[in-house]
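Mapping of the sequence shown onto mature numbering (1 follows the signal peptide of the UniProt record, and there is no 0): residues -21 to -1, 1 to 605, in sequence order. From the three backbone atoms N, C-alpha and C, an ideal C-beta is built for every residue, glycine too. Since the model is a prediction, treat every value here as computed from it, not as a measurement. Written below as structure tokens is the structure these notes are about.
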Amino acid sequence: MRLMGSALAAGLAVGVLVAPAEVPSAPPIGRDLRLAAAAPASPTYTTFTLNIRHDLGKRKARQDMRKALTTLGDAGGFQEMSDLVDRQTLMRLCKDLDWGWYMPKDEGQEIPIVWDRSRFRIIDGHTVKVHGPEEGVTPSRYINVVRLREQATGKVFGFINTHTIAQASYDAQATDMHRIPRLRKHFRMLRREILALFASTEHVFVSGDLNVNYLADRKRRVKGLPTDELGDLVSFDMPLQGSRGPTSLLDYGMTVKDGSGLELAHSRIVHGWNSDHDAVQLTYRPVDLFRTGPLFNRPVSSIADRHRVLNRVARAIDDAEPGGLVRVISSRIDDDAVTTALVRAAAEGVDVRVVLGDGTATGAEKRLEAALGTDRKAGSWFHRCSGTCLGGAGKQQANVVLVSRAGGTTDLTLVGSGPLVRNEAGRWTDAFRVSTSSVYDGYARLFTRYAADGTDTSPRRVLAWGAFKAQLYPVPSGRRHDPVLKALAPVGCRNARGLRTDDGRTNVRIAVQAWSGERGRLIAERLGVLQDRGCDVAAVLGPKVLGGIRRQLARAHIPTRDAATGQNLLVVDGRYGKLAGGHVAWTGAPGWTDQSLVSDGITLAVPYKETVRGYLDGFTRAWRNG
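As structure tokens, this is what we get:
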């Protein structure tokens, strides 16, 4: 059970447990601004793990603990502190040095977690019992877990510390068959705790004396030992050197492989202790998982890369905290990770509100409706529109997730190129991340209009949110109303000074899933004119780009590549309006079809060069690997 700050103060021996305070014209080209709601960058994060041998004696144990606290980093885990005097010594040292500690009174006190209180405050912590004691064999074994708030940024850092049964494995083999079941159980439970912490925490680190020699285990891969049980989930970040003698590496530092929020800078074995173990010190660069810019699926890469967008959306929802608000507009939901995150967030006290277009309910959508209910007077609810949500004659095609706070990032907006469905993993898709309050507030107002589920008669279809502009669908049909044609109208082709215009030609990059009809013909015609005028036009074409459009592009000598793209993306880099160095990306758009004009949709125009650079890179990957 997770224990909040007040419960900790009453039931645990910890440091001071004060919860932190809740911390139609061309769009203007945006300056590279510092976005007010984004989490500030964290400094490097240095952690450690050290086994304090239980029979060192008070003086030597104190020397080792003090040295660790003053030289090894920002947070760490100790093991084998079964002696009450040693634990009391650690608490006194922490008070003197202004460090916090997590050391439950009754269970898990032998594996305390400590942190520098000038950087962190505790959010919550819990202890899991792995197995009980057996005289002459082992004491009880535990896993300790804490979440820490970084005071300067509001980001959440998770720390797990543990110590497994000894003498079950020699040289990474299943040696003692009486002990080995408890060791394997420990690693199974550790895996569950890592996954659970990862689901609610930006930055996850795991330490411990695992009593398995990693130098041998990484090669042997014996069933149920660390490499076999955890190797698909975590990176083993220790240096390949002994921590208990030159050939035995028992002391581990680990991070989740994909999306842990921590990037290893360096690690080392630190010698010179009274204990029979050396310390392992690890330094990380915290990664902002929600920094402004596009995030891409890569369907020809690893499993993690194929699910990168959906998993990051789920991560943002999971990182929402009780009392927060998550809002979702989507055409369809069937992804398990996103669905589970939404259900779990609602159960933990986050207000979760979901608006979907009409259609046959998926199993995931039925699950959401059952979990959230349909009473829109409640904090959480699920609503399916009757037809479209804004009164269009087509379909609901917008896909947006709003999270009031995800860890240290507030006012987070995720604009998806496609719905929240499993088969997006097989496509080139993206999500644009931004934590600018004007964008968040703008989408929040649109969410209210979507949830009203009526005919939206507002004449304003272009909304300015600072330097960003949102194009709202449906719009009247015809050339003069078409948002894509209007976006292409200011494009100039020669004497460009963009990001990648060494030849002086403006780059126009297109990745479109669906392109057809009279509307599609007019857009292709305009692109042909730009190509003829000297622009560098190239297009990645998805499965719903019809043959007539393909032939029209070929006649205009526009290079194309087929790819499994799920995007409807337009990027301009070069001469735009009066600017020789313009850069704009239009993302989140509905398809380039006649039906899309009368469908619900929201296109976001992003006029920032680093975002355009990211989209140019994403286009190039799809072009080369589609």
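{"Asked": "Three-state class that DSSP yields for V413 in the structure shown", "Found": "strand"}
{"Asked": "heavy atom of the ligand HEM below 6 angstroms from V379 C-beta", "Found": "Summarising the ligand content, the structure contains no ligands, and the ligand HEM is consequently not present."}
{"Asked": "3 or more residues per run - each beta strand (DSSP E) lying fully within the stretch 291 to 377", "Found": "304 to 309, 330 to 335 and 360 to 363"}
{"Asked": "Whether N547 touches T408 by CB criterion (7 angstroms)", "Found": "no"}
{"Asked": "7 angstroms CB neighbourhood of E208 in its chain, flanking five on each side removed", "Found": "F166, R167 and R170"}
{"Asked": "Inter-residue Cα distance where the pair is Y422 and R476", "Found": "33 angstroms"}
{"Asked": "Secondary structure of H165, DSSP reduced to three states", "Found": "helix"}
{"Asked": "Contact check, residue 607 vs Y81, beta carbons under 7 angstroms", "Found": "No statement about residue 607 is possible, as the shown extent of the chain runs from -21 to 605 and does not include it."}
{"Asked": "Supposed close pair H182, G240 - CB separation, criterion 8 angstroms", "Found": "4 angstroms"}
{"Asked": "Spatial distance of S281 from P398 (CA atoms)", "Found": "21 angstroms"}
{"Asked": "Cβ-based neighbour list, V577, same chain, cut-off 6 angstroms, excluding 5 preceding and 5 following", "Found": "G371, A372, G373 and P453"}
{"Asked": "Euclidean distance between Cα positions of L558 and G513", "Found": "17 angstroms"}
{"Asked": "V336 and Q375 closer than 7 angstroms at C-beta", "Found": "According to the sequence as given, residue 336 is Gly; it is not Val. Taking 7 angstroms as the Cβ cut-off, G336 and Q375 qualify as a contacting pair."}
{"Asked": "CA-to-CA distance, A446 to T415, given in whole angstroms", "Found": "10 angstroms"}
{"Asked": "Buried versus exposed, by CB contacts within 10 Å (16 or more), A244", "Found": "exposed"}
{"Asked": "Beta-bridge partners of D95, as assigned by DSSP", "Found": "W78"}
{"Asked": "Cβ neighbours of L12 in the same chain (closer than 6 angstroms, five flanking residues each side left out)", "Found": "No answer about L12 holds up, because its pLDDT of 34 lies below 50 and its placement is not dependable."}
{"Asked": "Short Cβ contact (7 angstroms threshold) for V382 with V394", "Found": "no"}
{"Asked": "Anticipated Cβ contact below 8 angstroms, A325 with A350, distance rounded", "Found": "6 angstroms"}
{"Asked": "Neighbourhood of A(-1) by C-beta, 8 angstroms cutoff - its chain only, sequence neighbours within 5 removed", "Found": "Confidence in A(-1) is poor, its pLDDT being 28 and thus under 50, which makes the residue's placement unreliable; the coordinate value appears in the next sentence. Same-chain partners within the cutoff: there are none."}
{"Asked": "Helix, strand or coil at I159 [DSSP, three-state]", "Found": "helix"}
{"Asked": "Other residues of its chain near Q146: CB distance less than 8 angstroms, five sequence neighbours each side excluded", "Found": "T154, D155, R158 and N190"}
{"Asked": "DSSP state of L127 mapped onto helix, strand, coil", "Found": "strand"}
{"Asked": "C-alpha gap between S61 and A258, whole angstroms", "Found": "18 angstroms"}
{"Asked": "Between the CA atoms of S437 and D330 - distance to the nearest angstrom", "Found": "28 angstroms"}
{"Asked": "Residue span of the beta strand (DSSP E) that contains residue 626, given as start and end", "Found": "Absent from the model: residue 626. The displayed extent of the chain is -21 to 605, so no value can be given."}
{"Asked": "Reference E172, options V107, H562, G526 and T353, closest by Cα", "Found": "V107"}
{"Asked": "Residues near M44 in its chain [Cβ-Cβ closer than 6 angstroms; skip 5 each side]", "Found": "L69 and L72"}
{"Asked": "D211 versus A20: straight-line alpha-carbon distance, rounded", "Found": "29 angstroms"}
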